[in-house]
Ligand code: MLT
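In the working numbering, the protein residues as written are 1125 to 1374.
Rendered as structure tokens:
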């Protein structure tokens, strides 16, 4: 029996960041990879000034309700991981497995928060392409950026095309997210933590701490992958997810 696998994208991305998973895992799961509120080309949804992670989580729960899907395996990367944790806290009965990729459970420190508010302003003042240009070196591994330029260009273009309102609201929503480090100890469902050995945005120690906090969790460090480990090393990422999916009972 195939599980529903709900893939939650990060910041400032859209569902296309999961293209290689939607394709690579389609035999293994019913893959659902939606755009978060306001993200995605041509998305005209109303976006409030601030989007707390819990609001994205509620949107996703509504989506599952609309499609008549009961329980899913949640997989969130980076901001998607923050949302996955919020979802699990709010709707534990809807989750049978959890994949936290290139993410962390801690809240932002003051410096990071300030930076989020700057990014929110910048989105309107200088535009999202400037943000995308600044972020791309931290998104992908050096190998992808140097040897697979078309992939780096595709990711940068995808980020650059996101709407100002969506980017600003997500940045401010991340700034107010709570620290879920202690809460992690309550997670009692099968959990896989994935990170990349070259992720500069999420320190390896944060993944190790999550692994330690969640009893029975697995940790997969993808060698040579950066922050978007699913884009840098899709085969290894998909294989780790595949191995995890077969362990999950219905
Ligand atoms: C992401 O990839 O979603 C962001 O880099 C997360 C963050 O800025 O904390």
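Note that beta-carbon positions come from the ideal geometry of N, C-alpha and C, so glycine has one too.
- Where residue 1270 is concerned, the enclosing alpha helix (DSSP H) starts and stops at 1266 to 1271.
- Taking C-beta atoms as the reference points, residue 1205 and residue 1228 count as a pair closer than 9 Å.
- Relative to the Cα of residue 1209, the nearest Cα in the group 1322, 1360 and 1298 belongs to 1298.
- Residue 1314 is classed as buried because its beta carbon has at least 16 other beta carbons within 10 Å across all chains shown.
- At the C-beta level, residue 1372 and residue 1127 come within 9 Å of one another.
- Boundaries of the alpha helix (DSSP H) around residue 1179: 1177 to 1191.
- Taken through DSSP and simplified to helix, strand or coil, residue 1160 comes out as coil.
- Between the beta-carbon of residue 1148 and that of residue 1226 there is about 17 Å, and that puts the pair past the 8 Å contact cut.
- In the three-state DSSP reduction, residue 1288 falls in the helix class (H, G or I).
- When beta bridges are read from the DSSP output, residue 1155 appears opposite 1129.
- Assignment of beta-bridge partners to residue 1235 by DSSP yields no partner.
- Taking the Cβ of residue 1298 as the reference point, at least one heavy atom of the ligand MLT falls within a distance shorter than 8 Å.
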